[in-house]
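Numbering that gives the first Met the number 0 puts the first residue of the sequence shown at 0, with every later residue one more than the last.
We put the beta carbon where it would ideally sit given N, CA and C, even for glycine.
In what follows, a single structure is set out as structure tokens and then discussed.
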Amino acid sequence: MKDLLYRIVTDDVHGPLAGILKFFLRVLSFIYLALVTAVAWLYRSGILKQHQLGRPVVSVGNITVGGTGKTPLVVKIAQIYKENKIKPVILTRGYMGRGIAGDPAQSAQSDEAAMMREILGDVPVISGADRIKNARNFLKYNQADVFILDDGFQQWRLARDLDIVAIDTTNPFGNGCLLPRGILREPLAALRRANLLILTKVDLGREQAELIRKRLAAIGCTQQLIETVHRPVRLMDLKTGMSRELKSIAGQRVCAVCSLGAPAAFAATLTQLGAKIQKAFNFADHYVYNTRDIRDILEHCRRNHVGIVVTTQKDAVKLGVSRDELQQSKDVQFFSLKIELAVRDGTGENAFLKRILDFS
């Protein structure tokens with residue numbers, strides 16, 4: 000049902016019934032706009048107070064729901080601080096669910112938080128809905144030079160020193176409508192309050208980049224605009240934990256498995272690497288896999304003589320919990336694709352670094 004609703008919202012489903020539903024969703028969008036506008040006014044006018052943490056706060060957010068490539072951006076910023084001897088702490092709301100195979104005793108943590116912990120090692124990643132409380136509790140016993148607020152553009156309660164917004168070049172603003180009729184969390188004019196705008200996946204949406212620039216200029220955005228790409232780095236074997244070269248999937252028939260807000264971008268990246276996608280298993284964003292899902296994927300691979308499954312780093316965290324199930328699949332390899340965010344040119348890289356480091 001959730002997937003069907005998303006397809007209706009993104010105008011992938013048509014017909015009389017979908018048209019009626021879209022009408023009611025548009026009415027709800029006006030109500031949503033009134034609420035968003037009221038909340039913003041209450042904070043801007045000072046009626047509702049913003050909380051201070053006593054440390055610099057960098058927010059990395061977006062103006063749409065779905066995948067914009069925000070997590071690799073958070074990771075890159077944290078790595079920049081580490082390289083410059085600055086101690087970052089990441090605050091993420093997290094996404095809680097049941098463990099794989101439906102085991103309620105299984106650890107149910109944010110897939111993105113788990114991925115960031117795995118990549119960043121000693122950088123604290125704190126998950127929880129009340130990020131202000133979590134940050135203050137952390138500071139009671141620990142040191143932090145800067146907090147990175149994951150998905151924080153609409154987090155009005157917490158004062159920020161730097162607001163960064165990621166815009167997915169392959170699908171920047173959806174159909175231009177607010178939730179629930181579209182994928183916009185706020186009107187586009189809200190982008191004017193961001194300090195830095197990051198275009199992500201520019202290599203996959205080159206033709207859109209210039210159109211996005213013009214649209215941002217039309218709504219009065221004058222901030223620095225940085226173009227970035229999601230660069231594939233290597234493959235990881237989920238069974239052995241060993242690193243594999245990207246050319247391992249070039250020319251090979253593979254099945255793609257992901258639970259992303261923008262699955263098409265993942266498929267496009269695999270195609271750029273030379274993989275031939277026999278089938279893409281696209282699950283809902285933040286989906287928690289169960290044993291049946293894995294068995295269905297394996298059965299499909301065997302039936303269609305596909306020997307490789309490729310998934311994302313985020314999904315690998317959840318699939319890796321079922322390592323025993325994967326180990327039994329001797330005839331099917333499971334790889335995760337490691338992605339890094341890279342700024343497209345040296346000038347943009349210098350501007351990005353300067354903006355990230357200047358205030359801290």
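Excluding sequence positions up to five before and after R252, its CB lies within less than 6 Å of the CB of K275, Q277 and V305, all in the same chain and listed in chain order. In the structure shown, P15 falls within a helical segment according to DSSP collapsed to helix, strand and coil.
Here L198 is near A208, since their CB atoms are less than 8 Å apart. Here K139 is actually not in contact with M235; their C-beta atoms are around 36 Å apart, not less than 8 Å.
By the neighbour-count criterion, in which a residue is buried when 16 or more other Cβ atoms sit within 10 angstroms of its Cβ, N141 is exposed. In the structure shown, the three-state DSSP call for Q49 is coil. By the Cβ-count criterion, F29 is exposed, with fewer than 16 other Cβ atoms from all chains shown falling within 10 Å of its own Cβ.
Residue pairing by DSSP puts E226 in a beta bridge opposite L198. Judged by DSSP secondary structure, N170 falls outside any alpha helix (DSSP H); it is assigned neither H nor E.
The C-beta distance from L90 to L148 rounds to 5 Å, short enough to fall under 8 Å. Non-local beta-carbon contacts of N83 in its own chain, meaning distances under 7 Å to residues more than five positions away in sequence, involve L356 in chain order.
For D2 and I293, the gap between their C-alpha atoms comes out near 20 Å. With contacts defined by Cβ atoms closer than 8 Å, A143 and R214 do not form a contacting pair. If you compare the alpha carbons of K81, T9, G120 and L340 with that of L177, the shortest gap goes to T9.
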